[in-house]
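Add 4 to a position in the sequence shown, counting from 1, and you land on the number used in my numbering. From the three backbone atoms N, C-alpha and C, an ideal C-beta is built for every residue, glycine too. Predicted model only: the values in this text are computed from it and were never measured.
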Amino acid sequence: MTNLTAPSGHPALVVQDLSREFSNGSETLHILQGVGFTANTGEAIAITGPSGCGKSTLLQILGVLDHPTSGTVSLEGEDPFAMDVTQQAQFRNEKIGFIFQDHHLLPQLTVLENVLLPALPHRGISNEVRERALMLLDQVGLTARMDHKPAQLSGGERQRTAVCRALINRPRLLLADEPTGNLDPATAETVGKLLVALALESHSILLCVTHSEAMAQSYPRRCYLKAGQLVENP
């Protein structure tokens with residue numbers, strides 16, 4: 005078991021002895037093996053590692069989209085794997101934000117409507133929520149594009165919209181899986197910096213899986229996942 009401890013402060017995220025196994029006929033695949041780490045509110049952590057090492061599996065478990073074979077996850081004192089399915093869905097919506105390599109915007113909705121979508125089951129579209137959406141869009145430079153559909157946007161604009169959508173509910177944990185993987189280097193750098201800045205402003209814990217060494221180096225904390233083990237980079 006490898007335990008990585010946040011540098012200071014009371015950890016909001018505590019992962020202990022996390023393992024994930026899959027059966028493949030008579031063979032058992034050990035994807036994650038005793039992963040353990042903690043993170044403070046406002047921390048931004050880059051996770052790198054070779055393809056197939058379990059980076060996306062780790063994010064799926066932390067996002068309560070998959071279950072660990074063993075181990076525990078606690079976010080602000082709550083264990084999502086002790087909840088029933090309905091409670092887990094509410095936990096995801098209220099506590100966790102997701103950003104993927106593909107933006108997953110709904111094509112029939114405008115930019116503003118896409119950003120507001122996660123708030124519907126949580127708080128509804130109050131004036132406060134709408135103001136937050138407009139503020140986020142302004143921060144990423146999309147105010148003039150908020151009535152456009154995704155097909156009318158560039159790749160960078162679509163991904164910036166996805167960042168705003170992930171932050172609309174002020175998530176405690178923000179999970180980004182190759183968020184700039186489909187973007188050109190200049191746009192990737194811009195979106196990457198915006199992501200870190202907005203996550204920090206929202207007091208979210210940001211965990212970002214990336215193959216980009218340049219992007220990883222821009223993060224204050226870096227971890228490497230290999231053969232199911234998570235180690236802290238110097």
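Counting the other CB atoms within 10 Å of its CB gives Phe85 a total below 16, which places it among the exposed residues. Asp83: not part of any alpha helix (DSSP H); DSSP gives it neither H nor E. With a cutoff of 8 Å on beta-carbon distance, Leu211 and Leu36 are scored as not near each other. About 13 Å separates the beta carbon of Ser130 from that of Arg174, a gap too long to meet the 8 Å contact definition. Beta-bridge annotation (DSSP): Gln20 is paired with Thr76. Under the criterion of beta carbons closer than 8 Å, Glu47 and Arg225 qualify as touching, at roughly 6 Å.
Membership of Asp88 in any alpha helix (DSSP H) is not indicated, and neither H nor E is assigned to it by DSSP. With a cutoff of 8 Å on beta-carbon distance, Val115 and Met150 are scored as near each other. Taking the C-beta atoms as reference points, Arg169 is found nearer than 8 Å to Asn118. Note on Asp83: under 16 other CB atoms within 10 angstroms of its CB, so exposed under the neighbour-count rule. For Cys227, the secondary structure class from DSSP, reduced to helix, strand or coil, is strand. In the structure shown, Gly40 adopts extended strand secondary structure according to DSSP, grouped into three states. Take Leu17, set aside five residues on each side of it, and the residues of its chain with a beta-carbon closer than 6 Å to its own are Ala43, Leu79, Ile209, in chain order.
The beta carbons of Thr73 and Gln20 sit no closer together than 8 Å. Our two residues, Val195 and Thr32, have alpha carbons roughly 38 Å apart in a direct line. By the beta-carbon neighbour count (other beta carbons within 10 angstroms, threshold 16), Met139 is exposed. For Val167 against Lys59, the beta-carbon gap comes to about 19 Å, at or over 8 Å, which does not count as contact.
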